[in-house]
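Numbering (the working numbering), first residue to last: 411 to 1344.
Note that CB positions come from ideal geometry on N, CA and C, so glycine has one too.
As the structure is a computational prediction, the values presented were derived from the model and not from experiment.
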C-alpha cells in the first residue's frame, strides 16, 4: 500500500501558510522513516503496509526554520517528533555509521547541517512593510539587517570533520552531516562542535556558556545504553541523564581526548550526530533571536488599538474629503490622491520608528555597560518590574567559596573546627597521637581528595568552584586518566580515570606507614555525578594494595542524614548545622563506607542507591560564602524603589536566610518564619505544617492564614505584631507540597510574603516564577545560568551572568558578574518606556494638528506645499522625536514606576485636551482669516 501524495515530483506549490511553500520530492520509503515507528500490535510485522505505508513523494514546508512534513494518513503537516533510528539500540550499533544512500535520505528529511538565515529581497521587504501595521520603520529594517548578518556570520560553521560512513572514514564538510553519522571529535582541527551529538568514546571538556550562561567548563563522558534508551531528539530540552553525554552545536571544545585503550593505539574519540541545522540547540538560540517570544506587554496591545482607532478617524476624514472634492469638481485622480493623503497624515509612517528610537538608544547604552539583549521588546518590559528573583551562589555571593574548616567525627561528638589540612591528618606518622582514632580524619581527607568532578586543562584545575577550593585546601596533586599511573591490583587492564596523590611527606597510617614501599595514591574507579534531585555526589575509590574499595559521598546535610547509619550521627548534628547556616556559612556533609573486597567488574555493576546506603557519617566541610561587593548596595537601591527582592537558591534554608539578612533582602529587624512538617511528608496530601520563627520557635504563624498567633501562655509575641512586615522562607519540598495540596490562600500568602526559597530544584525555580506571574507580578530573574535556564526563560525579564554575548538561557546577558546589571536594566527600561509614551503622544498630537490643518485647507481646495510637508516632517518633528528618545535614564530609581497603560486617563486626558485646544485655536484662526479683507 503506497500513498501517492503528488503526481508531479520536484514541484513547488504555494501554500496559504504565511510565505512558506510546499516542496515535493520523490521518496519511496516507509512512513516510519519520517515520523518514527507507528503504534501497532506486538505481532504486527515491522514494515506492515497497513501500519507503515510507503510514501512515494515526500512533501514538506519550512516555517520559521522549522520543517513540517505532510502526513498522508492524518492529512496535515506535522513535525517528525517521533523519529528515532530503530537501530539505535546499543553503543556498538551506533559506531557503524550510515551508508552513503541512507545519509542522502536523512539529509533529504532533515536538510543540510547549516544555520543559514535567508535574506529578504527588496520587494519582500516592501510587501512586509505594507502588511505590517506597526513595523513601518527604516530603523527597524536596518537593525534587523544588522542582526541577520551578525547571526549569519556566527551561524555558518564550515569545518571538515572526519566522518565514518559504514566503517569507512571520509573527510566531509560539516554541512553534509546527517543524524546517524559518526565523526571524530579528537581531530585537532575541530575547535567547535558542528551539531548536536552523543559522545561514544573518549572524553571531552566543552564551554557551554552560549547555551546555559555557565562559564565553568563542562566535562562530557561516553554515553551509556541506559541514556541511549531515554534519548528523545525531538524534546525541547535534553534530559539531565543524557545531557552529560551530549555535545551541543556551537559549543567550544576545550579538550577532546582519545579513549585509553591499550589494545588499540589508533583509538579516537567518536561522536554520533543526533540533530542538525536549526533542530540543534544553537538553532533554537538563533530562532529565539529572530522570532522572540511575544511579551504580551499591554503597551504594545494598546498601541495597536490606538492605531486602529486613528485609522477609523482617517477613514472618516477620507470620506469627508472625498465628498468635499467631488462637490468642488476636482479631477478624480486628484480627489483620490488628496483624500488618501489624510490616511498617511493621521497614521504617520514615522510613528513606529519614533516608538522604537527609545528602545534602540537603550540597547546601545546597555551594550556599553556590557549588557546584551536578544529580545528588544523586553527592554520596555524591564521598566515595569516589581519583583526580582536572585540566585544566591555566584549571583549574590562570590563564585569561589573559601574553606573555613572541617569538623570531623570523633567518638560520639564532632571535633573543633580544623582550619588547616595538616590538622585534619598530620602528614607524618610520628606527629599523630597514638591514642586518637584517625579513621574518620583519613576518610574525610580522602573524600576531599576524590569526591569531585575536576579536570586538568593546560595544567590548571577546572570544574565546580567549590570542588576546586576544596581540593586546593588539602594540598594534594591530581592526575587525570592515565591508565598506567596507578597499578591497581587485578585491574591494571582497565586503569583508573583519575588519581589523587598526597604530598610527598604524607604517611597514610602510623601503624603501617608503607608496607609495600610504593607511593600512596587513591584511584577513582567510578563516579556518580551530582544530581540536583538527590543533592549529592559520590565516588568509588581504591587505595593502592587494597583489594576492597571505599565509597565517599558528599552533599547537602539534610539528604545525607537519610542515607547514613543513625548510630553514626552525632547528637549535636542539627545544632551545629544550625549554628553555621545561621551565620551564612555553607555546610557540606561527608560520609563513607568500605567494602572489604570489590572487583572492578562489580564496581561497574554497582547501583548508585546501593553504593550510597548504610554510610558512616564522618564530618562537615564548612565553606565561607562571601557577598559580592555590589550585592548589598543593589538590593538597598531596589528596596528603596519598592521593588521586591526574592532569593531563590539550592542552598540550605538557614544559610539563605542569613545571606538574605546580610544583603538586605530580609530586613534585620523583620522576623522570618520557616515551615516544617509536623505530620506526614511532601507526598502526603493530609500533611500538616508548623511555621516557626527562626529566632524564637515559640513564635508561630497560623497554618491556614499565615498570620502571627500566640501559641503559649506568657509568650511575648509583640515583635511580630509591632513589625507586620514579617518574611517567610520556604524549602523546595514544602513549596512543592503547598503548590500540590495547599489551599489557594496559603499559596498566595506564601508567594506574597516569601523572601527566601531554598533547596529549590531548577523545575521548582521555573514554577515559582510562573506562580508569581499568575499574581500579576512583572517578574525578573537574575542568575548565572547553570541551574536557572527554565526560570530565566519564564521570567518577564531574565538576566544571565555569563561571558557569552548571547545566551539561549535569557533575553539579557551581562558580562559583568554581579547584580549591578539589574537596576541598570530597570532604569533603561523605564527610560525607554517613558520616551516611547512621550514619542507616541508627540506623534499623535502632530498627526492631529496636521490632520486638522489639511482638513481646513481642503474645504477651500487648498493644501500645504511639498516643501512645507518636508519642513514639518524633517526639520520640526523628526529631530524632536529623536532627541526625545535619546534622553537617558535618571541615576535614581524612583518608587513610582511609569505607566504602561496607553488607554488611561493619565495619558488620554492631556493628549485629547491638547488636541482639542489645537483644533479650537486653528478653527478660530481659520474663521477669523476668512473675514479679513486681505
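{"Asked": "Closest Cβ-Cβ distance between residue 633 and chain C: below 8 angstroms?", "Found": "This model lacks chain C altogether, as it is built from one protein chain only."}
{"Asked": "Could you pull the start and end residues of the beta strand (DSSP E) that residue 948 belongs to?", "Found": "946-953"}
{"Asked": "So is residue 423 buried or exposed if we call it buried at 16+ other beta carbons inside 10 Å?", "Found": "Unreliable placement is indicated for residue 423, whose pLDDT of 36 sits below 50; no coordinate value is reported for it."}
{"Asked": "Write down every uninterrupted run of the beta strand (DSSP E) in the segment 748-816 whose length is 3 residues or greater and which is fully enclosed by it, in chain order.", "Found": "781-783 and 797-800"}
{"Asked": "May I ask you to report which of helix, strand or coil DSSP gives residue 989?", "Found": "helix"}
{"Asked": "May I ask which residues mark the beginning and end of the alpha helix (DSSP H) holding residue 860?", "Found": "849-860"}
{"Asked": "Run through the segment 676-746 for me and flag every whole beta strand (DSSP E) of 3 or more residues, listed as ranges in chain order.", "Found": "680-685"}
{"Asked": "Kindly list the residues whose CB is nearer than 6 angstroms to the CB of residue 495, restricted to its own chain and excluding five residues on each side of it in sequence; keep chain order.", "Found": "590"}
{"Asked": "Counting pairs of Cβ atoms below 8 angstroms between the segment 1050-1069 and the segment 1161-1178, do you hit three or more?", "Found": "yes"}
{"Asked": "Taking C-alpha atoms, which residue in 1279, 1306 and 1251 lies nearest to residue 1323?", "Found": "1251"}
{"Asked": "Are the beta-carbon atoms belonging to residue 1137 and residue 1100 less than 8 angstroms from one another?", "Found": "no"}
{"Asked": "Is residue 856 a contact residue of the ligand ATP, with contact defined as CB to any heavy atom under 7 angstroms?", "Found": "Judged by which ligands are present, the structure shown has none, so any question about the ligand ATP falls away."}
{"Asked": "Measuring CB to CB, does residue 692 end up less than 8 angstroms from residue 655?", "Found": "no"}
{"Asked": "Quick one, which of 586, 579, 492 and 436 has its alpha-carbon nearest residue 521's?", "Found": "586"}
{"Asked": "Going along the chain, which unbroken runs of the beta strand (DSSP E) with 3 or more residues stay wholly within the segment 991-1040?", "Found": "995-1005 and 1026-1034"}
{"Asked": "Is the number of C-beta pairs between the segment 1040-1055 and the segment 814-832 that are closer than 8 angstroms three or more?", "Found": "no"}
{"Asked": "What's the call for residue 434, buried or exposed, on a 16-neighbour Cβ count within 10 Å?", "Found": "buried"}
{"Asked": "What residue ranges within the segment 1101-1180 form continuous alpha helix (DSSP H) runs of no fewer than 4 residues, ordered along the chain?", "Found": "1128-1132, 1142-1151 and 1154-1163"}
{"Asked": "Using only alpha-carbon positions, find the residue among 1182, 640, 600 and 1059 that is nearest to residue 499.", "Found": "640"}
{"Asked": "Using a Cβ-Cβ cut-off of 7 angstroms (strictly less than) and excluding sequence neighbours within five positions of residue 1337, which residues of its own chain qualify?", "Found": "none"}
{"Asked": "What does a CB cutoff of less than 7 angstroms around residue 724 pick up in its chain, not counting 5 residues either side in sequence?", "Found": "752, 753, 756 and 757"}
{"Asked": "Three or more C-beta pairs closer than 8 angstroms, one from the segment 1218-1234 and one from the segment 1274-1294: is that the case here?", "Found": "no"}
{"Asked": "Can you tell me whether residue 435 is helix, strand or coil according to DSSP?", "Found": "strand"}
{"Asked": "Answer yes or no: do residue 936 and residue 963 have a C-beta to C-beta separation smaller than 8 angstroms?", "Found": "no"}
{"Asked": "On the DSSP bridge list, what partners appear for residue 662?", "Found": "602 and 617"}
{"Asked": "DSSP three-state label for residue 1057, please.", "Found": "strand"}
{"Asked": "From residue 737 to residue 1272, what does the alpha carbon distance come to, in whole angstroms?", "Found": "14 angstroms"}
{"Asked": "Are there 16 or more other CB atoms within 10 angstroms of the CB of residue 868, so buried, or fewer, so exposed?", "Found": "exposed"}
{"Asked": "In terms of alpha-carbon separation, which member of 649, 628 and 643 lies closest to residue 666?", "Found": "628"}
{"Asked": "Drop a sphere of 10 angstroms on the beta-carbon of residue 1015, count the other beta-carbons inside from all chains shown, and report buried for 16 or more, exposed for fewer.", "Found": "exposed"}
{"Asked": "Could you give the DSSP three-state label for residue 1209: helix, strand or coil?", "Found": "strand"}
{"Asked": "Roughly how many angstroms separate the alpha carbons of residue 1139 and residue 1161, rounded to a whole number?", "Found": "10 angstroms"}
{"Asked": "Does the segment 793-812 come within contact of the segment 1179-1189, defined as at least 3 CB pairs closer than 8 angstroms?", "Found": "yes"}
{"Asked": "Let me know the secondary structure DSSP gives residue 886 once reduced to three states.", "Found": "coil"}
{"Asked": "Starting from residue 932, trace the beta strand (DSSP E) in both directions and tell me its first and last residue.", "Found": "932-941"}
{"Asked": "If contact is defined by three or more beta carbon pairs under 8 angstroms, each pair taking one atom from either stretch, is the segment 1252-1264 in contact with the segment 1324-1332?", "Found": "yes"}
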